[in-house]
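K.L.:
Chains as they are written, first to last, in the working numbering: chain A, 1 to 231; chain B, 232 to 480.
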């Protein structure tokens, strides 16, 4: 009779343990979606939600995962013990530790390389990738992103300008971007930007605008300095 | 090391009896050839207005880098997935070969195949050098080709790693393609939207930035080299771990 009661209790515990596991799984799914929401909030895609609220819900869902797993461990101690002491767990944990250590080494290596953005070599014959020290330091002091719009008609090739602007972009740590507009095809856009001639470049930083006479390092430097020190 | 070389050589020879490899090589060389011809035509047409601009090899190597995104999944999909499907992986695992040697051998074999295509494509800078007086910037050619080789090596390592996880070639192909699309295009998008350090992290993870904004322009940065070497190491590590888990799974 006593044995039968024990078996009954064990079977009931097994049923509840599955519920606890499902509970943990649902909490896990909720955490995943909340994590995505948190990312979208930080990208300012959702304006109605506060980051602090999403963080609170993330904490709650994380807590529920722990609670569900803990309840399962209490109800099924033998299974949990077997899971952690089994052959797969032993090898699996070894592989996990190795993976974490390996990823750690890769991340540290990349962070160190990123913090030292010194060009190893400029292999071009005329050193086209080496910007003047003045322009490099101006790029480093940019507070926000600068967008350059080159107004080049079909009569003015964009090759040289494209090369220079691409080089500036590559040395700007993401704070400089550019595009080209054909003023013959978009005369309204050119007029709105205040462009009166061919081959001119409009530099824009927030609300500040500056028109540069041509695609040369000195002209762009002059324009950037004017943007950095508006009158 | 000897084992790696034996496996690489076997794999390299195997490519030349596979139709997929010929199709991939043909498509890469045809597309870069068309771009090369258009590039030459454009410069001849605009010679008077180019203000001393000379053509260089970067448009061709740039297109080559892009074509690798689409073609490498077809090269790597069968490497280990096919061995697992055919049951020959078990035989390989019982041979006196370490897991890493097996994965590195497969990677090296596929890299040698891509290097063969790269070697054939060197005909473009040679022709260009003959057309332009006094010749093209040869150091820029070296840097651009180094970029292509690093992109190929990183993609191949990731492809081998993913192929080791799957037993189905088609699944390996699509997962590899999706991973490449993510690394080449999608990962860069948040950098356009986000501000501050989060934007910089995504910009750093964007593979095409390391190629188009540096190596393909003749500039070699420490961060680019570390980035590509890290991806190669990651791919080989994933492959080795996936093979290792087959022993105790």
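Think of the CB as a built atom: it goes at the ideal place given N, C-alpha and C, for glycine as much as any other residue.
Got a sec? Which residues, its chain only, sit under 6 Å from residue 24/A by beta carbon, not counting five neighbours each side?
P.N.:
65, 68, 69
K.L.:
Pop quiz: residue 35/A and residue 58/A are said to be a contact at Cβ under 8 Å. What is the actual Cβ separation, rounded to whole angstroms?
P.N.:
Contact between residue 35/A and residue 58/A holds, with the beta-carbon distance rounding to 7 Å and staying under 8 Å.
K.L.:
Among 138/A, 91/A, 198/A, 21/A, which has the Cα closest to the Cα of residue 161/A?
P.N.:
Of 138/A, 91/A, 198/A, 21/A, the residue nearest in Cα terms is 198/A.
K.L.:
Please identify, using Cβ separations under 8 Å, the residues of the segment 446-476 of chain B that lie next to chain A, in order along the chain.
P.N.:
448, 449, 450, 451, 452, 453, 454, 456, 457, 458, 461, 464, 465, 468, 472, 475, 476
K.L.:
Just to confirm before moving on: does the CB-CB distance between residue 271/B and residue 353/B stay below 9 Å?
P.N.:
No Cβ-Cβ contact shorter than 9 Å links residue 271/B with residue 353/B.
K.L.:
Anyone know if the C-beta pair for residue 383/B and residue 324/B falls short of 9 Å?
P.N.:
no
K.L.:
For residue 20/A and residue 71/A, I'd like the C-alpha separation in whole angstroms.
P.N.:
6 Å
K.L.:
Grab me the residues of residue 445/B's own chain with a C-beta within less than 8 Å of its C-beta, minus the 5 sequence neighbours each way, in chain order.
P.N.:
378, 451, 452, 455
K.L.:
Using a Cβ-Cβ cut-off of less than 7 Å, list which residues of the segment 356-384 of chain B approach chain A; keep chain order.
P.N.:
368, 370, 371, 373, 374
K.L.:
Is DSSP giving residue 215/A helix, strand or coil here?
P.N.:
Residue 215/A falls in the coil class under three-state DSSP.
K.L.:
In three-state terms, what does DSSP make of residue 148/A?
P.N.:
In this structure, residue 148/A counts as strand in the three-state DSSP scheme.
K.L.:
Mind pulling the chain E residues with CB within less than 7 Å of residue 124/A?
P.N.:
Looking for chain E here will not work: the only protein chains present are A and B.
K.L.:
Do residue 475/B and residue 95/A have their CB atoms nearer than 9 Å?
P.N.:
Yes, these two residues count as a Cβ contact at 9 Å.
K.L.:
For residue 434/B, count the other beta carbons within 10 Å of its own beta carbon; 16 or more makes it buried, fewer makes it exposed. Which is it?
P.N.:
Buried, by the Cβ-count rule.
K.L.:
Provide the residue span of the beta strand (DSSP E) that contains residue 247/B, from first to last.
P.N.:
Where residue 247/B is concerned, there is no enclosing beta strand (DSSP E), because DSSP gives it neither an H nor an E.
K.L.:
Does the distance from the C-beta atom of residue 248/B to that of residue 340/B stay below 9 Å?
P.N.:
no
K.L.:
Does residue 308/B pass the burial test, meaning 16 or more other C-beta atoms within 10 Å, or should it be called exposed?
P.N.:
Per the 10 Å Cβ criterion, buried.
K.L.:
Mind listing which residues of the segment 318-345 of chain B have their C-beta closer than 7 Å to chain A's C-betas, in chain order?
P.N.:
none
K.L.:
Just to confirm, are residue 141/A and residue 228/A a CB contact at a threshold of 9 Å?
P.N.:
yes
K.L.:
Please confirm if residue 132/A has its CB atom under 9 Å from at least one CB of chain B.
P.N.:
no
K.L.:
Spell out whether any CB of chain A is found under 9 Å from the CB atom of residue 416/B.
P.N.:
No, residue 416/B does not count as interfacial toward chain A.
K.L.:
Take every Cβ of the segment 249-260 of chain B, pair it with every Cβ of the segment 206-225 of chain A, and state whether three or more of those distances are shorter than 8 Å.
P.N.:
no
K.L.:
Between the C-alpha atoms of residue 398/B and residue 234/B, what's the straight-line distance to the nearest angstrom?
P.N.:
Approximately 23 Å, taken between the alpha carbons.
K.L.:
Looking at the C-beta of residue 435/B, does it have a partner C-beta in chain A at a distance below 9 Å?
P.N.:
yes
K.L.:
Quick one: is residue 438/B buried, meaning 16 or more other Cβ sit within 10 Å of its Cβ, or exposed?
P.N.:
buried
K.L.:
Could you check whether residue 411/B and residue 304/B sit closer than 9 Å to each other, using their CB atoms as the reference points?
P.N.:
With contacts defined by Cβ atoms closer than 9 Å, residue 304/B and residue 411/B form a contacting pair.
K.L.:
What are the start and end residues of the beta strand (DSSP E) that includes residue 203/A?
P.N.:
Taken as a continuous stretch (DSSP letters only), the beta strand (DSSP E) holding residue 203/A covers 200-205.
K.L.:
Under 9 Å, Cβ to Cβ, is there at least one residue of chain A near residue 313/B?
P.N.:
no
K.L.:
Quick one: using the 10 Å Cβ neighbour count with 16 as the cut-off for buried, is residue 127/A buried or exposed?
P.N.:
So residue 127/A counts as exposed.
K.L.:
Excluding the 5 residues preceding and the 5 following residue 132/A in the sequence, name in chain order all residues of the same chain whose CB lies nearer than 6 Å to its CB.
P.N.:
Taken in chain order, the residues that qualify are 217.
K.L.:
When Cβ atoms are compared, which residues of the segment 261-277 of chain B fall closer than 7 Å to chain A?
P.N.:
Correct list: 277.
K.L.:
Under DSSP, the alpha helix (DSSP H) around residue 179/A begins and ends at which residues?
P.N.:
Looking at the DSSP string, residue 179/A is not in any alpha helix (DSSP H); the run it does join, the beta strand (DSSP E), is 176-181.
K.L.:
Pull out every residue of the segment 144-169 of chain A whose Cβ sits closer than 9 Å to any Cβ of chain B, in chain order.
P.N.:
144, 145, 155, 156, 157, 159, 160, 163, 166, 167, 169
K.L.:
Along the alpha helix (DSSP H) that carries residue 100/A, what are the first and last residues, could you check?
P.N.:
87-114
K.L.:
Return the residue from the list 440/B, 250/B, 457/B, 395/B that minimises the CA-CA distance to residue 330/B.
P.N.:
395/B
K.L.:
With a threshold of 9 Å between beta carbons, is residue 294/B in contact with chain A?
P.N.:
no
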